[in-house]
Amino acid sequence: MTAAASHPFLAVLEAAGLYTPNGHAVTVDLSDLPAAAAGDPAAAHYAEKALEYEADAVAASTEGTRNDNLNRACFKIGSLVAAGHLDAQHAIDTLIAAARVSGLPASEINHVVYRATREGGAEPRVVKLEPVKGYRPAYTLDGPPPAPPGAAGVSTSGAVDTGATDTVALNTAYPPLDWRETWSRTPEDVDWLAYPVLERGGMYALYSPAKAGKSLFALDLCAAIAAGRSALGQPPAAPATVLYVDLENHVTDIVGRLKDMGYQPSELDRLIYLSFPALPALDTRVGGAQLFAEATRHRAEMVVIDTVSRVISGEENSADTFNALYRYSCVPLKAAGITVLRLDHAGKDEDRGMRGSSAKISDVDVAWKLTRTSESRVRLDRIACRNAHHPDSVILDQHDMPLRHVLLPGSGLPDRVAQIVRTLDRLAVPADWGRDRVRHMLAERGIKVRNDALGEALRVRRTTFTGGA
1 MTAAASHPFL AVLEAAGLYT PNGHAVTVDL SDLPAAAAGD PAAAHYAEKA LEYEADAVAA
61 STEGTRNDNL NRACFKIGSL VAAGHLDAQH AIDTLIAAAR VSGLPASEIN HVVYRATREG
121 GAEPRVVKLE PVKGYRPAYT LDGPPPAPPG AAGVSTSGAV DTGATDTVAL NTAYPPLDWR
181 ETWSRTPEDV DWLAYPVLER GGMYALYSPA KAGKSLFALD LCAAIAAGRS ALGQPPAAPA
241 TVLYVDLENH VTDIVGRLKD MGYQPSELDR LIYLSFPALP ALDTRVGGAQ LFAEATRHRA
301 EMVVIDTVSR VISGEENSAD TFNALYRYSC VPLKAAGITV LRLDHAGKDE DRGMRGSSAK
361 ISDVDVAWKL TRTSESRVRL DRIACRNAHH PDSVILDQHD MPLRHVLLPG SGLPDRVAQI
421 VRTLDRLAVP ADWGRDRVRH MLAERGIKVR NDALGEALRV RRTTFTGGA
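For what it's worth, UniProt numbering labels the leading residue of the sequence shown as 1, then goes sequentially.
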């Protein structure tokens, strides 16, 4: 029995001249695929959602189902490409990326995707959508039509009817916080990855005008974190793995900068550097899945994207683009406790923030604006912030031999922390006193302070200042 006879799909490919029983690949040029044509925007939106759905199914496939799911997805998507609802290159790239996430070898992926998509393209599927008030949109190709509001399991208010849903599945999919566990593992002090700029698990934006030095600053910061060196002049910490996605800087420039910083290759094992990677756009589900897979594979504690404008497929001025970037790429990383740093460009009017949509700033915990104030000094200004842990501004001296950025003494303290530091200095409190002892002493004098601010003030006095010691 030939290979084609063992599977109906292979028989169809063999009959079309797209498969040989010995498994040898048949060369198919991408130009043989049908080209996208202008069409109904609603149909194009439907097709894009169908592509996302099929890509998700392929990416989530388990061993034993991966080939079948990829074959099926390519057939379906090929028919939409042929109808002009999807761009061929976009569809191919998305399906290949999804197959890689599933773990299929490159040889199998290349053997299937082009030919199966072309075969599906032999039967164009024209989608005509007429909106029906009150109905939910259907995003699958072969699924049943959506149920109207009021049907079993469908709420007229848009909420899920839990009576028609598997409670066990819901608890698995959406586990609530265990408050006792969460309470016990939440540190009392701020858990800094790089004081006072990056907190562990936070999501950050760093932007500046062109040539101000944001990539240089980010590289200095990330290399120090990965190597366990002093970052910004603070005491060294344990090394932490950093995944750096760079679509901006040439690798020769990166190596030159790292040499200027005094690094050797043996110190950089935890700096996982992807130079101009062929990642799918990160404002898509497949792109987000691949980024998370890379972060997980390398056990990264921090992910850097340099720069945001290079990793998106949508319009930079569209809020939808950055809502999708947040949903598909940033949320999984943040939920895993991974620090995210996104580098970006300032707009023409620097006072108005980053270039493009204002949605860029809405989803980050902190947005830092970097300004070069002199040849040897830069300033970080906090433009947006969700908490009171970060200072309003940070001043950094840029040193040479080796190249590094060092926090200017006294810079970077939130006002409430600086006030506690001044109080402890005035009272000549020894720098080695613990939190409970200091709190009791302050309480005796009628001084009330927040626990996190006190902890930060004690840390600062131990590591940065000598007052009271």
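No residue lacks a Cβ here, since even glycine has one placed at the ideal position from N, Cα and C. Bear in mind the structure is a predicted one, so any value in this text is a computation, not a measurement.
Quick one: is residue i buried, meaning 16 or more other Cβ sit within 10 Å of its Cβ, or exposed?
| i | result |
| --- | --- |
| residue 412 | buried |
| residue 36 | Low confidence applies to residue 36: its pLDDT is 41, below 50, so where it sits in the model is not reliable, and the reading given next is rough at best. Buried, since its Cβ has 16 or more Cβ neighbours within 10 Å. |
| residue 365 | buried |
| residue 358 | exposed |
| residue 184 | exposed |
| residue 234 | buried |
| residue 414 | buried |
| residue 153 | Note on residue 153: pLDDT 40, under 50, position unreliable in the model; no value is reported. |
| residue 252 | exposed |
| residue 204 | buried |
| residue 55 | buried |
| residue 448 | exposed |
| residue 69 | buried |
| residue 392 | exposed |
| residue 179 | exposed |
| residue 369 | buried |
| residue 432 | exposed |
| residue 437 | exposed |
Considering Cα atoms alone, identify which of the options is closest to residue i.
| i | options | result |
| --- | --- | --- |
| residue 291 | 75, 68 and 242 | 242 |
| residue 213 | 126, 306 and 125 | 306 |
| residue 256 | 127, 237 and 219 | 219 |
| residue 360 | 373, 346, 370 and 372 | 346 |
| residue 293 | 41, 60, 374 and 447 | 60 |
| residue 71 | 118, 333, 43 and 224 | 118 |
| residue 269 | 240, 249 and 250 | 240 |
| residue 344 | 115, 207 and 274 | 207 |
| residue 222 | 105, 75 and 300 | 300 |
| residue 422 | 203, 405, 442 and 404 | 442 |
| residue 460 | 430, 445 and 106 | 430 |
| residue 98 | 74, 115 and 88 | 74 |
CB-CB under 7 Å to residue i, same chain, minus the five flanking residues each way: which ones, in chain order?
| i | result |
| --- | --- |
| residue 144 | Any reading at residue 144 must be qualified, since the residue scores a pLDDT of 38, below 50, and its modelled position is unreliable; the value itself is stated next. For residue 144, where only same-chain residues beyond five positions count, there are no Cβ hits under 7 Å. |
| residue 313 | 281, 283 and 284 |
| residue 238 | 228 |
| residue 236 | 228, 229 and 230 |
| residue 224 | 230 and 231 |
| residue 298 | 241, 243 and 272 |
| residue 126 | 83 |
| residue 402 | 260, 261 and 262 |
| residue 408 | 395, 396 and 397 |
| residue 406 | 232, 233, 396, 397 and 399 |
In the DSSP assignment, what residue or residues form a beta bridge with residue i?
| i | result |
| --- | --- |
| residue 246 | 275 and 306 |
| residue 117 | None; residue 117 has no bridge partner. |
| residue 372 | 378 |
| residue 395 | 379 |
| residue 199 | 192 |
| residue 366 | 204 and 385 |
| residue 354 | 346 |
Starting from residue i and walking both ways along the alpha helix (DSSP H), at which residues does that stretch end?
| i | result |
| --- | --- |
| residue 203 | No alpha helix (DSSP H) holds residue 203; the beta strand (DSSP E) holding it covers 203 to 208. |
| residue 321 | 319 to 325 |
| residue 184 | 179 to 185 |
| residue 92 | 88 to 102 |
| residue 72 | 66 to 82 |
| residue 436 | 435 to 444 |
| residue 255 | 251 to 260 |
| residue 213 | No alpha helix (DSSP H) holds residue 213; DSSP gives it neither H nor E. |
| residue 447 | From DSSP, residue 447 is part of no alpha helix (DSSP H); its letter is neither H nor E. |
| residue 331 | 331 to 335 |
| residue 423 | 415 to 426 |
| residue 299 | First-last for residue 299: undefined, no H or E at that position. |
Over what stretch of residues does the beta strand (DSSP E) that includes residue i continue unbroken?
| i | result |
| --- | --- |
| residue 477 | What the structure shows of the chain is the stretch from 1 to 469, and residue 477 is not part of that stretch, so it cannot be assessed. |
| residue 42 | Residue 42 -> not in any beta strand (DSSP E); alpha helix (DSSP H) instead, spanning 41 to 59. |
| residue 405 | 404 to 407 |
Whose C-beta lies closer than 6 Å to the C-beta of residue i among residues of the same chain, with five residues either side of it excluded?
| i | result |
| --- | --- |
| residue 484 | For the chain, the structure presents residues 1 to 469; residue 484 sits outside this window and is missing. |
| residue 475 | Examination of residue 475 is not possible in this model, given that the chain is present from 1 through 469 alone. |
| residue 329 | 282, 288 and 291 |
| residue 123 | 79 |
| residue 47 | 80, 85 and 86 |
| residue 465 | With a pLDDT of 44 at residue 465, under the threshold of 50, the modelled position of this residue cannot be trusted, and the question is left open. |
| residue 195 | 234 |
| residue 308 | 342 and 344 |
Within its chain, find whatever has a CB closer than 8 Å to the CB of residue i; leave out the 5 residues flanking it on each side and keep chain order.
| i | result |
| --- | --- |
| residue 327 | 288 |
| residue 103 | 63 and 66 |
| residue 295 | 243, 303, 333, 336 and 338 |
| residue 455 | 188, 189, 190 and 435 |
Please confirm if residue i has its CB atom under 8 Å from at least one CB of chain D.
| i | result |
| --- | --- |
| residue 405 | Going by chain labels, chain D is absent from the structure shown, which holds only one protein chain. |
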